[in-house]
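For reference, the structure is listed below as structure tokens.
There are 2 protein chains.
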Amino acid sequence: MPLVKTSKEEILQKSAVLIWEQGYKHTSFADLSKACAIRNAHFYYYFKDKEDLMAQVLQYVANHVKSKIFDLAYQDNLPAAQRLEIMGRKLKTLYCRNNSGCMFANITLEMAHTDAPFLEIVRSIFGDFIAALTHIYEIDMPGPAANKKAVRAVQQIEGAIMMMRLYNDKSYIDDALNNLL
Amino acid sequence: MPLVKTSKEEILQKSAVLIWEQGYKHTSFADLSKACAIRNAHFYYYFKDKEDLMAQVLQYVANHVKSKIFDLAYQDNLPAAQRLEIMGRKLKTLYCRNNSGCMFANITLEMAHTDAPFLEIVRSIFGDFIAALTHIYEIDMPGPAANKKAVRAVQQIEGAIMMMRLYNDKSYIDDALNNLL
DNA sequence: GTCTATATGCGGATAGAC
DNA sequence: GTCTATCCGCATATAGAC
Numbered sequence: 040m041p042l043v044k045t046s047k048e049e050i051l052q053k054s055a056v057l058i059w060e061q062g063y064k065h066t067s068f069a070d071l072s073k074a075c076a077i078r079n080a081h082f083y084y085y086f087k088d089k090e091d092l093m094a095q096v097l098q099y100v101a102n103h104v105k106s107k108i109f110d111l112a113y114q115d116n117l118p119a120a121q122r123l124e125i126m127g128r129k130l131k132t133l134y135c136r137n138n139s140g141c142m143f144a145n146i147t148l149e150m151a152h153t154d155a156p157f158l159e160i161v162r163s164i165f166g167d168f169i170a171a172l173t174h175i176y177e178i179d180m181p182g183p184a185a186n187k188k189a190v191r192a193v194q195q196i197e198g199a200i201m202m203m204r205l206y207n208d209k210s211y212i213d214d215a216l217n218n219l220l
Numbered sequence: 040m041p042l043v044k045t046s047k048e049e050i051l052q053k054s055a056v057l058i059w060e061q062g063y064k065h066t067s068f069a070d071l072s073k074a075c076a077i078r079n080a081h082f083y084y085y086f087k088d089k090e091d092l093m094a095q096v097l098q099y100v101a102n103h104v105k106s107k108i109f110d111l112a113y114q115d116n117l118p119a120a121q122r123l124e125i126m127g128r129k130l131k132t133l134y135c136r137n138n139s140g141c142m143f144a145n146i147t148l149e150m151a152h153t154d155a156p157f158l159e160i161v162r163s164i165f166g167d168f169i170a171a172l173t174h175i176y177e178i179d180m181p182g183p184a185a186n187k188k189a190v191r192a193v194q195q196i197e198g199a200i201m202m203m204r205l206y207n208d209k210s211y212i213d214d215a216l217n218n219l220l
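As they're listed, the protein sequences go chains A and B.
Take 40 as the starting number for the first sequence in our numbering and just add one per residue.
Take 40 as the starting number for the second sequence in our numbering and just add one per residue.
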């Protein structure tokens, strides 16, 4: 673990923003190298190919979201409503950044028809999301019911993000996040 | 209106399947011309460019979905539950065909970051979907509440489709469609 | 209307100098 | 590790014969 932000981490961070916004296929190395201020060919020093870059970008964002948002669900000293309220606020910031919605949903709908290996990372992060909400809901109901409620909450949120982006109207996501409880 | 299916309609139908499955950018004219059994250059006889083809494909699918599914909502002689049940069955067939989910959601997440003119067609079809469900829900509740319920139902369905495709598990969409009432 | 041929540019990826 | 230069293939799109 380096003391200062490595060049590679900057590449991951800046690439993530672009791919999040534009998608995997729509984002070329020309776009990426411009945003990262490095040469096109330099990506191949850090990454095997575009698919490898994508996998590392997804893992980078997934780690960030897990530690900054999903982990809040396990603060068992706080009441459930408060945990959900904080998570909801952070999720809204996440989804509204650059009007790009949920990176993992974007990639799912773009790539589900392929067998791209990085989809496994997407499956994992949605599993973490549902597990986090299930943990909170289990306070008031048995496990299976809590899990079902968590799945429906995630689905409602993802549908709301789609509507928000299509109609450029944040009230959809506000409504979904305010109804997490 | 020609008496027999025109060549152009076949092109629209076959192009729709491919683009639905693979997305707009991922589908090349090479893919399309193979599927339609015509020459690459021949597309430019029927369509101005790829964007024009896409707009006509979307309109073609939208017309089909409207007349075959959404119109069922206005069969006021049938009880609400029965209308929802029939629509749910037809929607499931639609979304599970080729495991490709909802074409309009796919295109939304792929293209929302652009100002592609064909997004207007997508907005229109989601408006029709919500209007159809609202019409049914209005039997039992005032307009604004019915509309809110319809929006949430659509969001739940679109989120469920995403989960279905990600985990290759139809139980997500079954659950969402069984809870339309 | 349908074909062949091809223009033109951009995509990902690599070689090899420094 | 970072650069320049470049390969190769595929993308959209067009020209023009038949």
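Positions of the beta carbon are idealized from the N, C-alpha and C atoms, including for glycine.
Bear in mind that the values here come from a model prediction, so they are computed numbers and not experimental data.
Can you tell me whether residue i is buried or exposed? The criterion is at least 16 other CB atoms within 10 Å of its CB, across all chains shown.
i         : result
SER67(A)  : exposed
HIS103(A) : exposed
GLY198(B) : buried
THR147(A) : buried
SER54(B)  : buried
ALA151(A) : buried
GLN121(A) : exposed
ARG191(B) : buried
LEU216(B) : buried
LEU220(B) : exposed
MET40(A)  : Because the pLDDT at MET40(A) is just 40, under 50, the model does not fix this residue reliably, and the value given afterwards should be weighed accordingly. Exposed, since its Cβ has fewer than 16 Cβ neighbours within 10 Å.
TYR134(A) : buried
LEU42(A)  : Bear in mind that the predicted position of LEU42(A) carries a pLDDT of just 37, short of 50, making it too unreliable to give a figure here.
ILE200(A) : buried
GLY182(A) : exposed
Counting only Cβ pairs nearer than 8 angstroms, list the residues of chain B close to residue i.
i         : result
SER72(A)  : In chain order: nothing, as chain B lies at least about 19 angstroms away.
ARG222(A) : One cannot answer for residue 222(A) here, as it falls past the ends of chain A, which runs 40 to 220.
LEU205(A) : THR147, ALA151, LEU158, VAL161, ARG162 and PHE165
MET180(A) : Here the premise fails: no neighbours, minimum Cβ distance about 17 angstroms.
If you follow the alpha helix (DSSP H) that residue i is part of, which residue opens it and which one closes it?
i         : result
PRO108(A) : The sequence as given places Ile at residue 108(A); Pro does not occur at that position. No alpha helix (DSSP H) holds ILE108(A); DSSP gives it neither H nor E.
SER46(B)  : 46–61
LYS129(A) : 119–135
TYR206(A) : 182–206
PHE168(A) : 158–176
ASN217(B) : 210–217
ALA112(B) : No alpha helix (DSSP H) holds ALA112(B); DSSP gives it neither H nor E.
What in chain B is Cβ-close to residue i, meaning under 9 angstroms?
i         : result
ARG136(A) : Within chain B, no residue comes near ARG136(A); the closest Cβ sits about 13 angstroms away, beyond 9 angstroms.
SER139(A) : ALA151 and HIS152
MET142(A) : Those within 9 angstroms of MET142(A) in chain B number zero; the least Cβ separation is about 10 angstroms.
Which bits of chain B does residue i rub up against, with CB to CB less than 7 angstroms?
i         : result
ALA199(A) : GLN194
GLN61(A)  : HIS152
Can residue i be considered in contact with the ligand ADP, in the sense that its beta carbon sits closer than 7 angstroms to one or more heavy atoms?
i         : result
CYS135(B) : Ligands are entirely absent from the displayed structure, and the ligand ADP is therefore not among its contents.
If the cut is a Cβ gap below 7 angstroms, which residues of chain A does residue i touch?
i         : result
LYS131(B) : Within 7 angstroms Cβ-Cβ: nothing; LYS131(B) doesn't reach chain A, min ~15 angstroms.
Since residue i meets chain A, which of its residues come closer than 9 angstroms, beta carbon to beta carbon?
i         : result
GLU149(B) : GLY62, LYS64, HIS65, ASN145, LEU148 and GLU149
ALA215(B) : ARG191 and GLN194
MET93(B)  : None at all; the shortest Cβ gap to chain A is about 14 angstroms.
What does residue i reach in chain A if we use C-beta pairs closer than 8 angstroms?
i         : result
MET126(B) : Those do not exist, as MET126(B) stays about 17 angstroms from chain A at its closest Cβ, beyond 8 angstroms.
> Is it true that the region 106–113 of chain B meets the region 169–183 of chain B, where meeting means three or more beta-carbon pairs spaced less than 8 angstroms apart?
Replying inline: Counting Cβ pairs under 8 angstroms, three or more are found: they touch.
> Counting Cβ pairs closer than 8 angstroms, one from the region 124–132 of chain A and one from the region 60–80 of chain A, do we hit at least three?
Replying inline: The region 60–80 of chain A and the region 124–132 of chain A do not touch, with fewer than three beta-carbon pairs separated by less than 8 angstroms.
> Should the region 138–147 of chain B be called in touch with the region 201–216 of chain A, which here means at least 3 C-beta pairs below 8 angstroms?
Replying inline: The region 138–147 of chain B is in contact with the region 201–216 of chain A.
> Pairing CB atoms from the region 83–96 of chain B with CB atoms from the region 112–120 of chain B, are three or more of them under 8 angstroms?
Replying inline: With a cut-off of 8 angstroms, the region 112–120 of chain B and the region 83–96 of chain B do not count as touching, because too few Cβ pairs lie within range.
> Would you say the region 153–169 of chain B touches the region 178–195 of chain B, given that touching needs at least three Cβ pairs under 8 angstroms?
Replying inline: Yes: the two stretches touch, three or more of their Cβ pairs being nearer than 8 angstroms.
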